[in-house]
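Have a look at the structure below, then the notes.
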Amino acid sequence: MKRRVFLSAAASAGTVACLTPSPLFAAEKLTLSQGDVILFQGDSITDAGRNRKSPVANEGLGRGYPKFIAESLHQDYPDLDLQIHNRGISGNKVPDLDRRWQQDCIDIKPKILSILIGVNDIWHMLNGRYDGTSETYRDGFAALLERTRDALPKTTFAICEPFVLMSGTVKENKDKWFPEFDVRRQYAKQVAQNAGAIWVPFQSMFDQAVAEGTEPESLAGDGVHPTQLGHQLMAKTWRQTVGV
1266 MKRRVFLSAA
1276 ASAGTVACLT
1286 PSPLFAAEKL
1296 TLSQGDVILF
1306 QGDSITDAGR
1316 NRKSPVANEG
1326 LGRGYPKFIA
1336 ESLHQDYPDL
1346 DLQIHNRGIS
1356 GNKVPDLDRR
1366 WQQDCIDIKP
1376 KILSILIGVN
1386 DIWHMLNGRY
1396 DGTSETYRDG
1406 FAALLERTRD
1416 ALPKTTFAIC
1426 EPFVLMSGTV
1436 KENKDKWFPE
1446 FDVRRQYAKQ
1456 VAQNAGAIWV
1466 PFQSMFDQAV
1476 AEGTEPESLA
1486 GDGVHPTQLG
1496 HQLMAKTWRQ
1506 TVGV
């Protein structure tokens, strides 16, 4: 079945089309089967206001990129009864994922596991609410993926690149965010490569969009949380990169 990219009415087709990711981001197409489970994990960017009282697949997915991905997959594969979950929780860091991982990941047994985590691991440190270092992030993330691989040897990992844009709080505090944030992004990529995961290049995607003339504020007003346009672009890039 030919894959189509879903565009929500929340953004014009022309606007999103001009933010097409580079072909270098594309991956080989994965084959989806009847009833396959796809799980999105992370912090507030993934949470995006989801209904946490509705753990049922395909419900309460929030208003962010998991919702857009789910809508487009159901549109493209209406007969497969795909089971799509969003278990992102606002404020989460890697240790928070680890504490809830059995129930919120391993027990779900996803065919595709997507993780976007890392912004809070530095943001909470900058705010004095967490003392984790870049190495704490790297080692904890690596251990989480090793634990997951042991439990779910056939699951495809999609590790999403942590990102910020030069707007809002990030722009106002850029000397605190950098170069620390770049170190953590590189560690995330290293962990993904070591785990044999697909790397979803969100920072590179946003950097490309800004280089082509899109204002950072239109993609993430505070520099961290995407706008609807930002989430749409993430969804499009995720599908192209993961290959579904």
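Going by our numbering, the first residue of the sequence shown is number 1266, and it counts up by one from there.
The beta-carbon is built from N, C-alpha and C at its ideal position, and this holds for glycine as well.
Just so you know, these numbers come straight off a predicted model, no measurement behind them.
4 or more residues per run - each alpha helix (DSSP H) lying fully within the segment 1359-1409: 1359-1369 and 1384-1391
Beta-carbon proximity list for P1481, same chain, < 6 Å, skipping 5 on both sides: L1430, M1431, S1432 and V1475
At the level of alpha carbons, what is the spacing between D1361 and G1329? 21 Å
What does the alpha-carbon distance come out to for the pair N1308 and A1408? The identity of residue 1308 in the sequence shown is Asp, whereas the question assumes Asn. Rounded to whole angstroms, D1308 to A1408 spans 18 Å at the Cα level.
In whole angstroms, what is the alpha-carbon distance linking E1400 and K1419? 28 Å
Contact between the segment 1391-1399 and the segment 1365-1374 is defined here as three or more beta-carbon pairs at a separation below 8 Å; is this criterion met? no
By the three-class DSSP mapping on this structure, what secondary structure does I1354 have? coil
Give me the DSSP bridge partner(s) of F1446. Answer is none; F1446 lacks a bridge partner.
Thinking C-alpha only, which one of L1347, Y1342 and K1358 is nearest E1324? L1347
D1440: buried (16+ other C-beta within 10 angstroms of its C-beta) or exposed? exposed
Cβ-based neighbour list, P1288, same chain, cut-off 6 Å, excluding 5 preceding and 5 following: Below a pLDDT of 50, predicted positions are generally treated as unreliable, and P1288, at 37, falls in that range; the measurement from the model is reported next regardless. The answer is none, since no qualifying residue turns up.
Whole angstroms are fine: how far does the CA of Q1299 sit from the CA of H1339? 12 Å
G1307 - partner residues in DSSP beta bridges: L1381
Note down the Cα distance separating L1410 from M1470, rounded to an integer number of angstroms. 24 Å
Residue span of the alpha helix (DSSP H) that contains V1435, given as start and end: G1433 to E1437
For A1453 and V1509, I'd like the C-alpha separation in whole angstroms. 23 Å
Can you give me the start and stop residues for the alpha helix (DSSP H) that F1428 sits inside? From DSSP, F1428 is part of no alpha helix (DSSP H); its letter is neither H nor E.
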